[in-house]
Each structure stands twice: as structure tokens, then as C-alpha cells.
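Residue numbers (the numbering used here): 3 to 182.
Here it is as C-alpha cells:
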């Protein structure tokens, strides 16, 4: 979801986007964009690299990525650090959009920590997988943290009204597929 959102933002003229893999427990965003996973955010937050060493330029320079980096034993502590705030402050001067991809909010507290540092939160729910009551409870925690909306992801077309309306519009009077 984060990678797709970044791709749509860079289609706007003269927009620069920074995509940060903030899931320090299971970093995978670099694989999606075809980039190296190291050095990354964890390396920066531990003081082993600076922001220039961890930022990878993608495509035509309008999209940059900071991958998750090396595995760490204390991801929540690192994300809640002053260095994380400094990184976001510095990068906000350079980029029009900064997108943080966080770990699932149901599993760990990291997403809530990051939400406090962001201008807005998109809560992503996996269709057919996330329990409704758990999703409602988790999303309610983000209402006070600038919740912009909820995205229902991985919806099967057959489970939506779209499948019904797709066939509905194509079968009109005079259509050979329509039976009387």
C-alpha cells in the first residue's frame, strides 16, 4: 500500500516522495521497490549511518527510499528516539511527501509511536483476514492521531458490489447475452 501510494504521488509534477520502511521487525519494502535493504533506518537510528548513507534514490530521482536496515532487538525504542524526529524534520525540508510504512498496529505499538510524529494516518485493513472488532478497536486508537481514513486492501472482486455492477451495465436491452 505504501509503495503504491508513493508511486501515485510521484506522478504529480515536480513532487518528491520519501518512502521509509519503519517496520524494523520485518522489513520488506525494499524488495517491493527492487532496492537494497541496507544500510537503512535502523542503522541511522543506532548512529551507524547518516541520512545520506541510508537514502536510496529510485527512478528519476523523485522517489527515494530508506529501507528498514539491520535487525535490531529494540525497534520501539529506536522509533521513539530523538533521532527519528530529527530525521523526519530534516527530510520534510527536502521532500513534498514522506510516507512511513509501519508494522501492523494490532501486533505491536510501533505504529502508534510513529503516528504521533506524522501529519496523518491511513489505517490499512486486509479484507477477509482482519477481524472486524479488532480492526475497529485498533482504528479507534488513531482517531486522536489524525486518522485520515481507512483503506480496505486485498478485496476479492467477487466479494464486492463491483462484480455485480460490472455485469449489470453490460447487459442491456438488445444485448445478445440478455435473455427474455
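C-beta atoms are modelled at their ideal positions from N, C-alpha and C, and glycine is treated no differently.
Whole-number beta carbon distance between residue j and residue i, since they are thought to touch under 8 angstroms
i          : j          : result
residue 13 : residue 97 : Not quite, the Cβ-Cβ distance comes to about 15 angstroms (not below 8 angstroms), so this is no contact.
residue 51 : residue 31 : With a Cβ gap of about 17 angstroms, residue 51 and residue 31 do not count as contacting.
residue 53 : residue 89 : 6 angstroms
Pick from the options that is closest to residue i, judged by C-alpha positions
i           : options            : result
residue 73  : 42, 157, 89        : 42
residue 122 : 134, 128, 132, 141 : 141
residue 143 : 156, 128, 124, 21  : 124
residue 15  : 65, 22, 58, 116    : 65
residue 149 : 133, 118, 134      : 118
residue 48  : 79, 147, 62        : 79
residue 103 : 10, 21, 9, 11      : 21
residue 25  : 110, 87, 84, 56    : 110
residue 155 : 147, 99, 132       : 132
residue 37  : 61, 85, 100        : 61
residue 83  : 115, 139, 158      : 115
Short Cβ contact (7 angstroms threshold) for residue i with residue j
i           : j           : result
residue 27  : residue 69  : no
residue 67  : residue 35  : yes
residue 81  : residue 45  : no
residue 71  : residue 40  : yes
residue 137 : residue 127 : yes
residue 152 : residue 129 : no
Assigned exposure category for residue i - 16 Cβ within 10 Å defines buried
i           : result
residue 178 : Summary for residue 178: the model assigns pLDDT 47, below 50, so the residue's position carries little reliability; its value from the coordinates is reported in the next sentence. Exposed is the call here.
residue 29  : buried
residue 23  : buried
residue 107 : buried
residue 59  : exposed
residue 56  : buried
Contact test: residue i Cβ vs the ligand FAD heavy atom, cutoff 6 angstroms
i           : result
residue 152 : The ligand content of the structure shown is nil, which means the ligand FAD is not present either.
### Task
With a floor of 3 residues, list each beta strand (DSSP E) that falls wholly inside the segment 35-111, ordered by position along the chain.
DSSP assignment within the segment 35-111 yields the following whole beta strand (DSSP E) runs of 3 residues or more, N-terminal first: 58-60, 65-68, 99-103.
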